[in-house]
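Have a look at the structure below before the remarks.
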Amino acid sequence: MARTLITVPPSPKKGDVIEIRVLIQHHMETGFRVGADGKVVPRDIIRKLACQFNDGTTTEEIVSAEFFPAIAANPYFTFNMIASGNGTLTFTWEGDNGFSQTETAALKVT
Amino acid sequence: MTSGRRRLLLAGAGAGAVSLLRPVAHAQTLLSPPDELAALVKAYTQGAVVLPGKVKLDISPLVDNGNSVPITISVASPMSATDYVKSIAMFNEKNPQRDVIRVLLGPRSGKASVSTRIRLANSQKLIAVAQLSDGTWWSHTVDVLVTLAACIDI
Amino acid sequence: MSAVESTVSGAGRRRFLKGSAAAAGSLVVSFHIPFVRDAEAQGVAAAPEVNAWVVVQPDDTVIIRIARSEMGQGSLTGLAQLCAEELECNWAKVRTEYPTPGQNLARNRVWGNFSTGGSRGIRESNEYVRKGGATARMMLLQAAADEWKVPVAECTVADSVITHAGSQRTTSYGKVAAAASKLTAPTEVKLKDPKDWKLIGKRLARLDTVDKTTGKLVYGMDLKMPGMVNAAIRRCEVFGGKLKSYDEKVALKRKGVKKVLKVGDDAVAVVADTWWRAKTALDAMPIEWDLGPNAKASTASFAEVLKEGLSAKEAVVGNQSGDAAAAIAAAPRKVEAVYTYPHQNHACMEVMNATARWTPERCEVWTPTQNGEAAHAATAEAAGLPPAQCEVYKLHLGGGFGRRGAVHDWVRQAVEIAKQMPGTPVKLIWSREEDMAHGSYHPITHCKMTAGLDNDGNVTAFAMRISGQSILAGVAPQAIQNGKDPVVFQGLNPPGPESSLGYAFPAVMIDHAMRNPHVPPGFWRGVNLNHNAIYMECFIDEIAHETKQDPLALRRKLLANAPKYLAVLNAVADKAGYGTPAPAGVYRGLAVTHGFGSYVAACAEISVSADGALKIHRIVAATDPGYAVNPQQIEAQIEGSFVYGLGAALFQECTVKDGKIEQTNFHNYRPLRMAEMPVVEPIVMPSGGFWGGVGEPTIAVAAPAVLNAIFAATGKRIRNLPVGDQSLKKA
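Residue numbers (this note's numbering), protein chains in the order written: chain A, 1 to 110; chain B, 111 to 264; chain C, 265 to 995.
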């Protein structure tokens with residue numbers, strides 16, 4: 001499991017627009033680099049990140065992003081969402097060589 | 111790229127031209143993209159017209175080694191149910207591959223602003239393209255100087 | 265500390281706002297930035313700029329802005345000559361000034377590229393620098409014409425004096441500069457025909473020599489600022505290793521030591537009141553390293569990998585015509601040889617150093633650098649501040665040679681230390697040992713060359729496989745497209761203006777099998793042309809020997825359709841008396857190549873004693889750079905490049921054991937000594953019509969000419985560089 005860092009504001013006011021930051025450890029091998037032996041190192045990147053929010057009743061996708069080799073190693077991504085109410089954020093990363101990881105974080109509003 | 115072209119882009123002098131004292135179009139102003147990038151954007155929007163404006167690509171005009179360059183793309187939009195940003199994408203001119211990132215958004219975002227860190231192979235133009243809910247397309251093109259490239263002169 | 269605030273940041277702000285030559289102001293009180301005229305301190309009102317390139321003071325002093333870096337190569341003077349030629353000012357009153365990269369950014373890069381490398385300083389900027397001077401001249405003339413209410417076409421100028429013959433009036437630049445600065449720059453600017461040049465092409469004395477000779481010039485290492493502290497640093501000597509732990513108490517209890525700081529994840533620094541105290545405390549401090557994956561690497565292990573690359577099936581092609589493999593396979597005779605070239609350090613006289621001051625709002629760095637903009641970008645990235653809140657003040661370099669252009673690791677370190685001591689100027693100096701251990705090394709390569717010969721001894725095909733390190737793969741991996749590092753093929757490319765193979769072979773295959781040892785590579789003066797010229801020029805001599813042809817005759821044949829190569833080759837051959845008997849015991853060797861846009865050749869005369877002791881007597885060297893801005897400086901560059909290149913070829917290699925560089929100082933990495941330096945007879949022969957560089961192409965012909973002469977003297981073919989301990993006793 002790759003290390004992840006998810007930052008959600010601890011107690012935003014209900015209805016506020018909040019910024020969420022996520023980071024996942026991954027070398028994002030571009031597929032254009034040559035290694036020590038001069039051979040091209042095969043591509044191995046995270047290709048997709050999606051964030052869903054479940055407020056207890058429904059699950060909605062807030063944002064999804066397609067990453068390409070131009071995204072730097074340890075892909076960092078920030079986005080915004082309306083803190084509509086309490087719920088669970090689910091982050092899903094998918095990539096080459098069957099890479100798949102899901103993390104959750106709670107959203108608590110005041 | 112030929113040294114003549116580099117001179118045009120970076121020094122603003124233009125080989126043989128007399129525009130020495132007119133400044134290079136400042137990074138962050140609205141430029142029309144060069145031909146290769148224009149073709150790519152046209153394919154992405156499936157031929158729809160793209161106008162400069164509304165979207166802002168924030169990136170340092172000066173970068174040392176291009177391995178991890180922070181960027182922010184934002185669009186001034188109410189992000190209401192009827193007026194919001196559907197997608198934001200970013201393309202580059204000189205990396206081995208043109209795509210950088212494609213993002214899908216919706217009214218739940220509340221604010222159309224995303225940040226990430228990218229790799230830059232060389233001094234080049236970057237273009238952010240956004241589509242609004244009314245179907246219109248908007249762009250912002252920025253010149254970034256990668257100083258490492260200066261010593262290579264390929 | 266507030267004294268520092270008001271001097272450093274205040275002056276920096278003032279300079280930014282006014283953009284004039286005057287703003288160094290109180291900086292001069294603390295220390296002297298070379299060539300910045302402090303008009304205010306001298307009681308003269310700050311002079312406005314006529315344009316970005318030219319400031320004229322009321323006393324007719326002309327200050328020319330120079331974007332590139334002076335590192336002893338003379339570009340400061342050459343660029344000033346280019347501008348002054350069109351400006352028609354009094355050369356005796358010319359001074360120079362470095363705009364800062366921060367100003368360049370704020371003014372939309374009005375001064376263009378700051379990068380000083382690739383021998384490009386003059387050839388890349390000559391046109392717009394001349395235009396800068398021409399434009400300023402036109403504005404100054406217009407200002408005089410406006411004042412006199414006469415047509416500007418009736419005004420003439422020479423040596424800063426403007427004349428209107430009709431009304432017999434004169435004035436000088438200093439008197440009209442203020443009015444000129446308010447005019448709009450003309451858009452149509454015509455440059456002089458080279459045949460009308462009065463300053464360009466002249467052997468003018470350099471503008472920086474006097475200050476360097478009197479000790480007035482302040483180098484980065486000499487910098488002193490109020491409140492400044494000194495830092496010594498040690499980074500893990502095994503490339504890729506990390507800092508594990510250190511016992512700071514040992515250092516902190518020593519006199520004068522203020523702090524012990526982690527720098528990045530691979531280095532630790534000691535900060536003290538004096539550098540010596542910092543260094544000795546650092547030496548005494550126990551440090552533990554996590555040596556990382558390269559702890560067992562060695563030059564011997566590299567050699568195995570590079571050898572394999574010589575016959576590897578996959579390689580990237582740099583120059584191909586015809587079917588060389590087939591021709592060689594079919595050839596009745598072949599010549600084949602394998603050469604090797606080692607890692608080498610720049611070993612600048614002035615070690616890496618920078619002074620940095622960081623606050624949450626602003627970060628400033630004072631450092632020698634070959635690229636002010638790269639130093640600026642590195643500062644901003646290390647400081648965590650936008651470039652607009654950072655600034656770099658360029659200082660003259662005690663040697664650059666490519667070390668201070670591409671990788672600003674020492675600047676990042678200085679900023680990271682300063683960030684941990686906000687508000688305090690921190691001067692970081694590397695020890696010589698640190699400088700030797702953390703170079704940006706000349707890449708290591710092996711090379712196998714094969715020539716197919718027909719029964720008459722003519723070359724039917726030439727194949728060259730370079731196995732070895734790519735600089736771009738180490739320094740700018742993103743710039744490698746389709747696995748190819750184009751810089752590898754310097755001097756070997758198909759015909760073109762930059763760096764091409766002059767010899768016409770019926771079939772050619774030059775390719776590169778990239779093999780990257782963990783040693784960080786960099787741009788060492790001459791870059792890949794150094795070893796490529798050795799490989800090519802020594803092998804041509806091997807072909808000549810094998811086919812019983814004179815090396816000059818063979819080259820003339822192969823260069824029959826390459827007139828510019830022939831011209832420099834014939835020039836050195838003629839001057840050296842090649843073909844006429846040499847003094848007893850003296851033997852000659854030749855080399856010719858094309859690099860950085862210029863054509864260069866050399867003829868070396870050497871002798872080897874019975875004991876195998878080498879004596880290089882003289883080297884005749886020709887350079888055709890298209891145009892020669894300052895022939896005296898080009899001659900000095902030729903001579904200086906031979907000091908550098910001969911030392912490298914004869915003595916210098918950086919070997920690796922247990923993952924780290926073994927050479928630590930000049931006792932085990934020795935340069936050429938004065939007694940060993942030959943007489944150099946430079947021939948500067950600009951043929952016009954193109955602009956070639958000077959700093960680097962010259963170095964490439966020294967070593968091969970000497971190596972070829974060694975063979976002529978002894979019958980010994982040196983194929984592994986450096987010559988070092990290899991016996992030169994007659995074969």
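Glycine included, each C-beta is placed from N, C-alpha and C at the ideal position.
Contact list for residue i against chain C, beta-carbon separation under 8 Å
{"i": "Val40 of chain A", "result": "Gly747"}
Proximity test, Cβ basis, 8 Å: residue i and chain C
{"i": "Ser187 of chain B", "result": "no"}
{"i": "Ala231 of chain B", "result": "yes"}
{"i": "Ser184 of chain B", "result": "no"}
{"i": "Asp37 of chain A", "result": "yes"}
{"i": "Asn202 of chain B", "result": "no"}
{"i": "Gly216 of chain B", "result": "no"}
{"i": "Thr257 of chain B", "result": "yes"}
Contact with chain B by residue i, beta-carbon distance below 8 Å
{"i": "Thr92 of chain A", "result": "no"}
{"i": "Pro686 of chain C", "result": "no"}
{"i": "Val109 of chain A", "result": "no"}
{"i": "Ala740 of chain C", "result": "yes"}
{"i": "Gln101 of chain A", "result": "no"}
{"i": "Val17 of chain A", "result": "yes"}
{"i": "Glu60 of chain A", "result": "yes"}
{"i": "Pro758 of chain C", "result": "no"}
Sheet register partners of residue i (DSSP bridge)
{"i": "Arg371 of chain C", "result": "Arg371 of chain C pairs with nothing; no bridge assigned."}
{"i": "Pro785 of chain C", "result": "C:Tyr705"}
{"i": "Asn617 of chain C", "result": "C:Ile693"}
{"i": "Met773 of chain C", "result": "C:Gln584 and C:Ala727"}
{"i": "Ser197 of chain B", "result": "B:Leu214 and B:Gln241"}
{"i": "Cys867 of chain C", "result": "C:Leu854 and C:Val884"}
{"i": "Ile6 of chain A", "result": "A:Val22"}
Endpoints, alpha helix (DSSP H) assigned at residue i
{"i": "Gly738 of chain C", "result": "Ile735 to Val739"}
{"i": "Thr27 of chain A", "result": "Per the sequence presented here, residue 27 of chain A reads as His, with Thr not at that position. No alpha helix (DSSP H) holds His27 of chain A; DSSP gives it neither H nor E."}
{"i": "Lys476 of chain C", "result": "Thr473 to Thr478"}
{"i": "Trp412 of chain C", "result": "Gly385 to Trp412"}
{"i": "Ile898 of chain C", "result": "Pro895 to Phe915"}
{"i": "Trp540 of chain C", "result": "Trp539 to Ala548"}
{"i": "Pro234 of chain C", "result": "This structure cannot settle anything about residue 234 of chain C, because the visible part of chain C is limited to 265 through 995."}
{"i": "Arg518 of chain C", "result": "Taken as a continuous stretch (DSSP letters only), Arg518 of chain C belongs to no alpha helix (DSSP H), as it is neither H nor E."}
{"i": "Trp674 of chain C", "result": "Asp673 to Lys683"}
Partners in chain A for residue i, counting only beta-carbon separations shorter than 8 Å
{"i": "Gln241 of chain B", "result": "Those within 8 Å of Gln241 of chain B in chain A number zero; the least Cβ separation is about 14 Å."}
{"i": "Val210 of chain B", "result": "Phe68, Ala70 and Ile71"}
Cutoff 8 Å: residue i Cβ touching any chain A Cβ
{"i": "Arg779 of chain C", "result": "yes"}
{"i": "Val213 of chain B", "result": "yes"}
{"i": "Gly528 of chain C", "result": "no"}
{"i": "Pro143 of chain B", "result": "Only weak support exists for where Pro143 of chain B lies, its pLDDT of 49 falling under 50; the coordinates are left without a value."}
{"i": "Ile169 of chain B", "result": "no"}
{"i": "Gly573 of chain C", "result": "yes"}
{"i": "Pro133 of chain B", "result": "Legend: pLDDT at Pro133 of chain B = 32, less than 50; position of this residue unreliable, value from coordinates given subsequently. No, Pro133 of chain B does not count as interfacial toward chain A."}
{"i": "Ala309 of chain C", "result": "Reliability of the predicted coordinates at Ala309 of chain C is poor, the pLDDT of 49 falling under 50, and the value obtained from them is presented with this limitation in mind. So no, Ala309 of chain C is outside the interface."}
{"i": "Ser190 of chain B", "result": "no"}
Partner residues on chain C for residue i, Cβ-Cβ distance less than 7 Å
{"i": "Val173 of chain B", "result": "Ala641"}
Chain B contact residues for residue i, given Cβ-Cβ distances below 7 Å
{"i": "Thr78 of chain A", "result": "Val224 and Ser225"}
Partner residues on chain A for residue i, Cβ-Cβ distance less than 7 Å
{"i": "Ala737 of chain C", "result": "Val34"}
{"i": "Gly220 of chain B", "result": "Val17, Asn80, Met81 and Ile82"}
Cβ distance (whole Å) where residue i is taken to contact residue j below 8 Å
{"i": "Val393 of chain C", "j": "Leu346 of chain C", "result": "5 Å"}
{"i": "Val474 of chain C", "j": "Ala588 of chain C", "result": "With a Cβ gap of about 55 Å, Val474 of chain C and Ala588 of chain C do not count as contacting."}
{"i": "Val602 of chain C", "j": "Asp775 of chain C", "result": "So it is not a contact: roughly 15 Å between Cβ atoms."}
Run of the beta strand (DSSP E) containing residue i, from where it starts to where it stops
{"i": "Gly859 of chain C", "result": "Tyr851 to Gly859"}
{"i": "Glu468 of chain C", "result": "As written in the sequence, residue 468 of chain C is Leu, which differs from the Glu given in the question. Segment: none, Leu468 of chain C is in no beta strand (DSSP E) and carries neither H nor E."}
{"i": "Asp168 of chain B", "result": "Val165 to Ile169"}
Any non-hydrogen atom of the ligand ATP within 7 Å of residue i CB
{"i": "Ala589 of chain C", "result": "No copy of the ligand ATP occurs in the structure displayed, which carries no ligand at all."}
Within chain C, partners of residue i - CB distance below 9 Å
{"i": "Pro206 of chain B", "result": "Gln742, Ile744, Gln745 and Asn746"}
Within chain F, the residues that residue i reaches when beta carbons sit closer than 8 Å
{"i": "Gly157 of chain B", "result": "Among the chains of the structure shown, chain F does not appear; the protein chains present are A, B and C."}
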